[in-house]
Structure formats: C-alpha cells, structure tokens
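Trainee:
Numbering (my numbering), first residue to last: 1157 to 1364.
In structure tokens, the structure reads:
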C-alpha cells in the first residue's frame, strides 16, 4: 500500500514580484518534515513554521497564509500511480517567466514521478536527482548549479560527490502538469521524453 501523500502550498517563486500565487509541493510526512526542519532555520515563512509545529502537536487543521489566503497547511492527496526512471545526460532549454531562455545540462538523472488526484484534477509530480546540473552562461561557459538559488531554496538539496561532481535534488515532488485525463498521464510515466523540468528550474531562477 502506498504511503499517504500530502500537499503543501507555498508561494510560486516564478511569479513576478508584483503578483502572488501559490504552488503545489507534495510529499510524505517524513519528506515534509525534512523540508520544515530546513525552513525553521531561515527567517522565511514564519507562519508556515508555526503552523507545522501546531500540526505536529495534533492540530491537523492548522492553517497558514500563502498568497494572501488562509489555507490548510497540509491536505491529503489521493495516490494514483508512480514510476522510476533513469536517464542519460541531456541538454534542454528552460524558458523563464519573462520568456528568456536558459540552456540547461545534466550528466545523468534519476527521476521519481507520482500521479496524485487533488481537487478533481490528476497532477503529475516529479522528484529529480540530477547529476552535475549546469546552465550555459556568457561565452558558452557551463556554470554548476550548486547554490544561490532564488526560489524556495529550502526544498532544494545538493550533494557533493567525488571529484567536482554533485547531485541536485528537489526534496518534495513538484508539479509537472495537470489534467482530467488519467490515461494521458499514465502513458507519460515511463516516457523519458515526456519529463518536464520547468517548475524545478523555476526554483533555481525564480522570476529572474
């Protein structure tokens, strides 16, 4: 039987500063606990940390304020299906919220996907362990993405490996896409070409 997954809404970092919207982050209680412990060490999301402490003492109706709305801290989502993929190195283009491109590169990837049902929609969520994630800067120079992230950086982790290698990981599942057609998503679960890393990249570059 699959573990229970929960949705945690936080600010969407890719939305321009003059707007405010939320974004889904999904995980088990243990996965969310890791993120909350990291968040508690920052000065961000004070109300969210307070709500988490209340949740842990038994108040499962704890609320926090995101994008000018008081919403439940955690809401259960229905697990539908999942997959595990290993992919070779690849390059791709990420388009930020303003339409500007970033050329991205990895040496390898291990991908965990889960389909959940939330508020009547099927949502395909992704966790990725990406080897040596880089973006192409000026002069065709590849810049390793090991820190200085502009989004909700507490949901991101970087593990150093021998040599100059590293693995970039998002600690909670992040939305790839949503649909009311489950069959469409199940066809994508085992298709490496259907992977979408845009919302993970948004955690790196935010609205920049």
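Beta carbons are placed, not taken as given, at the ideal position from N, Cα and C, and that holds for glycine.
If you draw a straight line from the alpha carbon of residue 1190 to that of residue 1292, how long is it in whole angstroms?
Mentor: By 1-based counting over the chain shown, the position of residue 1190 is 34. By 1-based counting over the chain shown, the position of residue 1292 is 136. Their Cα atoms are separated by approximately 31 Å.
Trainee: Three-state secondary structure (DSSP) at residue 1204?
Mentor: As a working mapping, residue 1204 is identified with position 48 in the chain shown. In the structure shown, residue 1204 sits in a helix (DSSP, three-state: H, G or I).
Trainee: Tell whether a beta-carbon distance below 9 Å holds between residue 1179 and residue 1169.
Mentor: Taking the first residue of the chain shown as position 1, residue 1179 is located at position 23. Taking the first residue of the chain shown as position 1, residue 1169 is located at position 13. Yes, Cβ-Cβ distance for residue 1179 and residue 1169 is below 9 Å.
Trainee: Taking a contact to mean a Cβ-Cβ separation below 9 Å, would you say residue 1322 touches residue 1282 in this structure?
Mentor: For the purposes of this step, residue 1322 is taken as residue 166 along the chain shown, with counting starting at 1. For the purposes of this step, residue 1282 is taken as residue 126 along the chain shown, with counting starting at 1. No; because the gap between Cβ atoms is not below 9 Å, this pair is not in contact.
Trainee: Report the partner residues of residue 1242 according to the DSSP bridge assignment.
Mentor: What you label residue 1242 is simply residue 86 of the chain shown in a count that begins at 1. DSSP output for residue 1242 lists 1266 as bridge partner(s).
Trainee: Please identify the residue among 1192, 1338 and 1238 whose C-alpha is closest to the C-alpha of residue 1165.
Mentor: Residue mapping note: residue 1165 aligns to position 9 of the chain shown, counting from 1. Of the listed residues, the one whose Cα sits closest to residue 1165 is 1192.
Trainee: The beta strand (DSSP E) spanning residue 1294 covers which residue range?
Mentor: Looking up residue 1294 in the chain shown gives position 138. Element bounds for residue 1294: n/a, residue is neither H nor E.
Trainee: DSSP state of residue 1350, grouped into three classes?
Mentor: In the chain shown, residue 1350 corresponds to position 194, counting from 1. Helix at residue 1350.
Trainee: Could you check how far apart the C-beta atoms of residue 1265 and residue 1287 are, in whole angstroms? I think they sit under 8 Å.
Mentor: As a first step, residue 1265 is located in the chain shown; it is residue number 109 there, counting from the start. As a first step, residue 1287 is located in the chain shown; it is residue number 131 there, counting from the start. Confirmed, Cβ separation roughly 7 Å.
Trainee: Straight-line CA distance for residue 1228 to residue 1167?
Mentor: Numbered from 1 along the chain shown, position 72 holds the residue referred to as residue 1228. Numbered from 1 along the chain shown, position 11 holds the residue referred to as residue 1167. When the Cα atoms are used, residue 1228 and residue 1167 turn out to be separated by approximately 14 Å.
Trainee: Which same chain residues end up closer than 7 Å to residue 1194 when comparing Cβ atoms and leaving out the 5 residues on each side of it in sequence?
Mentor: Locating residue 1194 in the chain shown gives position 38, counting from the first residue. Correct list, in chain order: 1310.
Trainee: If you follow the beta strand (DSSP E) that residue 1322 is in, where does it begin and where does it stop?
Mentor: Start at 1 with the first residue of the chain shown, and residue 1322 comes out as number 166. For residue 1322, the enclosing beta strand (DSSP E) covers residues 1322-1326.
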